[in-house]
Amino acid sequence: MKPLLISFGAAALLGLSACDSAKEEAVENAYDNKADAMENQADMLEEQAENMVGAAAESTEAMADAMDEEADAVREAGEKAGEKVEDAM
């Protein structure tokens, strides 16, 4: 019985250490929401590019690609900001 309780206790501690704080989640969610909006805009630009030809299509696709890269950077910044919030606690 005692080894079983120790196992449950260890599992509970591991589970708690893996949980994000509410503040950390809020920070990461804010960045994720911004990144999602940017990705949606990039998707719209890509759809518009499909109806274009030549340089206009290429330029619009390049803008969409740049926006996707920026969204990735925002998402990464959100993870780092969340980690800072967690470290401050």
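Residue 445 is where the sequence shown starts when you use this note's numbering, and the numbers rise one by one after that.
Just so it is clear, CB atoms sit at the ideal spot from N, CA and C, and this is done for glycine as well.
Given the structure is predicted, the values throughout are model-derived calculations rather than measurements.
Subject >> Assigned exposure category for G498 - 16 Cβ within 10 Å defines buried >> reply: exposed
Subject >> Straight-line gap, A506 to E468 (C-alpha atoms, nearest Å) >> reply: 33 angstroms
Subject >> Under 8 angstroms between C-beta atoms of A501 and A486 >> reply: no
**OP:** Could you tell me if E513 is buried or exposed, where buried requires 16 or more neighbouring beta carbons within 10 angstroms of its beta carbon?
**Re:** exposed
Original post:
How would you call E472, buried or exposed, if buried means at least 16 neighbouring beta carbons within 10 angstroms?
Top reply: buried
**OP:** Within the same chain, show all residues whose beta-carbon is closer than 6 angstroms to that of E483, passing over the 5 residues directly before and after it, in chain order.
**Re:** A515
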